[in-house]
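Shown next, in C-alpha cells, is the structure this report addresses.
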Amino acid sequence: MAGPAWLAPREVLRILLGGSSISASELPARDIVLRIRLPRLLLGGIVGASLSVSGVLFQALLRNPLADPFVLGVSGGAALGGILVLGFGGALGLGYAAVPPAAFLGSVATALLLFAVAGGRGRLSSTSLLLTGVVFNAIASAAIVFVASLSGLAEGTSIFLWLIGSLSAARESSTLMVALFLLAGLACVWPQARRLDLLALGEESAAQLGVDVERVKRILLAATSLMVGAAVSVSGLIGFVGLIIPHLLRLLLGPDHRLLVPASALGGAIFLILCDTAARTALGGGELPVGAITALAGGPLFLFLLRQQQRQSLLP
Amino acid sequence: MSEPVLGFERVSLRLGGRSVLRGVDLALHAGEVLGLLGANGAGKTSLLRIATRVLAPEHGALRLCGRPLEEFSRAELARRIALVPQRSEIPFPFTAAEVVRMGRAPHLGLLGFESRRDLVLVERAMDEVGIRELAGRSILELSGGEQQLVALARGLVQATPILLLDEPTAFLDLRHRVQVLRLVRALASAGQSVLVVSHDLGLAARFCDRLALLSRGEVLAAGSPAEVLTPALLRAAFGIEAFVFRAPDGTPVVLPEAPAPAREPSLDPQT
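Protein chains in written order, with the numbering used here: chain P, 3 to 318; chain D, 842 to 1112.
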C-alpha cells in the first residue's frame, strides 16, 4: 500500500476497513487507496501468481528448471496475439475485451511450436531451450514492432511498456478477468500436481506409473496458456518471475508439486507486488516499468542456474 | 504349464524403419525369474517398453493374465506391471525417499496423498534394497549405482504381480549385484514374476529359472540356463567364442575365449 504520495499506515488501514467515519479531508486519500493502490496491488498479485505458476508448469513439462514463459518466448507469443488485436482488431470490430483471448491464442500457438521443437522425447535441453527462446522472442518482438508501426500504435509509450512489462497501463476491469483466468488455470493444475512429480522421472516412467502423459500435457498447456495469456494481456512482458520464485521455493520446500504449485502462486503474488511497489516508489514521482526490476533480479539468477547446471552437467 | 501371467505372441516392432523385433514369442510364468539376454540392440529394452505399452507392436499381441494388454487402462496396467529402467535422469532435487514414494502413485486415491500404509511400504522397500541411509539425500547427488537402487525400491513399492528389470545391476558392485538378485529370488518365491534383462551371463545363470536369448529381434533360444548357455548359441547371439563350464551344482559358467594372441615378435629385421 505504498506509493509516491505519503499516507500513514494507520490511515490506510482505516480506509481499507471502511466505515463511515471518513472525513471530507480524507477523500483524496480514500481515492488513492481504493481506486489506485488496491486494484494495482491485486492485479500485481494475480499477474505474479500466474507467471510464477506457469514457470513451475513449464519446468515440469520440459523437465528443465530453467524454463520460464518469458525465457521460452511464450509470453512473447501471447504479447504478439494481444498486439494484433490492439492494432487491427478495431477494424474487425474487436474491442479491448478481445485482447486476453488473443493473447491466450498466441500463447497456445507458441507453446505448441515449442513442444514441436522439443520433439517426442519430452525434454528440452538447456541449449535448445535457450535457442528456441531467443528465436521466439526475437520473432515476437520484431513482429510486435512491425504490427505496432503499421497500425499506428507505436506512437506514445504503450508499446514500450508492453515490451518491457508494466502494470501501469492496466484497466480496472481487467483485474477480474485475469483473476478468473488464474483461478481456472489453478483449478486445472492442482489436481495434476502429483502427476507433475511423476513427469520429472521422464515421460516413459510417468506413463508406466499410470499417468496418461498426453492428456496431462494438454491440460497443462491449456492452463499455462490461460495464465500467461491473461497476465501478458494486462501487463506485457514481465520476465523471470516464473524462474525466480519456483527456484527459491524448491530450495525452501522441496520439489513436490503438491506444495510447490500453491506456494508458487502465493510467492509469485508477493514477489510481484514487492517489485511493483519498488517500481512505483524508486524514482519518487515517476515510475519504472516493473519488468525492468524483475529482469534485473532474474537475469543474473538465470545465469547462475545455468552455470550450476553446466557444472553438474545434469543436462547437456 | 499354467497360463503365463505375461505372454508375448508373435510380436514384431519397427522403429524408424528398422525392424527391431521379429515374431517374438515369450512367456513369463507366475513366480518365475526369467532372464533376457542378448547383444546390444537385440531388442531387449524394446520388449520391456512394449510390455508397459510405451511402444505398440506392429504385429502380434500381448496378454496379461490372459487378457489382451490393450484392455487395461494406464492406471490398471501400472498396478500390474512395474518397470525399473536402466537409468532415469531426474531434473529436480527430489530426495531418494520421495522418488521411491512415487512408486505408490498408481495406488493413491483421488487427492494423490500417501497414506500411512504407503509410507510404511516405502520404508520397508528401502530397507530391503539397503538404501535406508540415502532416504533424505537429493537424488541429484547420488551415484549411478545408488540411483539404480532407488529405482529398484520404487519398482518394489509399486507392488505389482509383474516386475520388469532393465539391467538392474549394471552400475552395481558385485556385493550389491548379488544382494539385488537374492532379493529378486525372494520376490519370486513370494509369487511375483520377474523379467530381468542382463548382460551378466554368470549371474543370470545363477539366479534365473529360465533364460531367453534374443538376437537381432528374434528369440534364439529359451529354456533352462544349461540349455541356453551353449557355445553354439553364444556364438550366434554375441559373435564370440566361449567355453562353458559347469559349477559343482551344475550351473553353467561362461568364459570367453582368450583374446587373439598378440603377434609373435618377429626376429626378421626387415619388418
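By construction, the Cβ of each residue, glycine as well, lies at the ideal position given by its N, Cα and C atoms.
L59(P) is the residue among S52(P), L59(P) and G301(P) whose C-alpha sits nearest the C-alpha of L222(P). For the pair I246(P) and V1037(D), the Cα-to-Cα distance works out to about 43 Å. A residue is called buried once 16 or more other Cβ atoms fall within 10 Å of its Cβ, and N881(D), having fewer, is exposed.
The alpha-carbon of L888(D) is positioned some 38 Å away from that of P248(P). Scanning chain D for C-beta atoms nearer than 8 Å to the C-beta of P71(P) yields nothing, as the closest lies near 18 Å away.
Chain-order list of chain P residues neighbouring E1059(D): empty, with the shortest C-beta distance near 24 Å, by a criterion of under 7 Å.
Across the structure, F242(P) and L203(P) are spaced so that their CA atoms are roughly 25 Å apart. The segment 1022-1037 of chain D makes contact with the segment 871-885 of chain D, as at least three CB pairs between them are under 8 Å.
Under a criterion of Cβ atoms nearer than 8 Å, no residue of chain P is adjacent to E912(D); the nearest Cβ is some 15 Å distant. If you ignore the 5 residues before and after E844(D), its C-beta comes within less than 6 Å of the C-beta of G907, all in its own chain and listed in chain order.
Annotation for L1054(D): L878, G879, V1060, L1061, A1062, A1063, V1069, L1074 and A1078 place their beta carbon closer than 8 Å to its own, counting only its chain and skipping 5 residues before and after. Taking a contact as a CB-CB distance under 8 Å, the pair L903(D) and F849(D) counts as one, their CB atoms being some 6 Å apart. By a beta-carbon distance limit of 8 Å, A284(P) does not contact G50(P). Their separation comes to about 18 Å.
At the C-beta level, A1027(D) and V991(D) stay beyond 7 Å of one another. For the C-beta of S207(P), the chain D residues within less than 7 Å are, from N- to C-terminus, P926 and S929. In the structure shown, E1082(D) falls within a coil segment according to DSSP collapsed to helix, strand and coil. Close partners of N66(P) in chain D (Cβ separation under 9 Å): P932. Distances from the CA of E216(P) to each of L228(P), S227(P) and R197(P) were compared; the closest alpha carbon is that of R197(P). Annotation for S237(P): the continuous alpha helix (DSSP H) segment containing it runs V215 to S237.
Between S853(D) and H900(D), the C-beta gap is smaller than 7 Å, which places the two residues in contact.
In terms of Cβ geometry, G75(P) and T129(P) do not form a close pair [threshold 7 Å].
Going by DSSP, D199(P) is part of the alpha helix (DSSP H) stretching over A195 to L201.
By the C-beta density criterion, S1039(D) is buried, having at least 16 other C-beta atoms within 10 angstroms. A residue is called buried when at least 16 other Cβ atoms come within 10 angstroms of its Cβ; I1081(D) does not meet this threshold and is exposed.
Taking a cut-off of 8 Å on C-beta distances, the segment 261-275 of chain P does not touch the segment 140-157 of chain P, as fewer than three cross pairs fall below it.
E1059(D) is bridged by DSSP to S1056(D). I34(P) and L45(P) have their C-alpha atoms roughly 15 Å apart.
Closer than 7 Å to the CB of T1010(D) there is not a single CB belonging to chain P.
Below the 9 Å Cβ cutoff, chain D contributes F933 and P934 as neighbours of R252(P), in chain order. The C-alpha of A1000(D) lies about 41 Å from the C-alpha of S109(P).
When the alpha-carbon of L40(P) is set against those of I17(P), I295(P) and L188(P), the nearest one is in I17(P). Within 10 angstroms of the beta-carbon of D199(P) lie 16 or more other beta-carbons, which makes it buried. Less than 7 Å divides the Cβ of A80(P) from the Cβ of A105(P). Across the set V55(P), W8(P) and R37(P), the C-alpha of V55(P) shows the shortest separation from the C-alpha of F273(P).
Counting C-beta pairs with one atom in each stretch, the segment 915-933 of chain D and the segment 977-997 of chain D have three or more that are closer than 8 Å, which means they touch. Among the CB atoms of chain D, one or more fall inside 7 Å of the CB of Q210(P).
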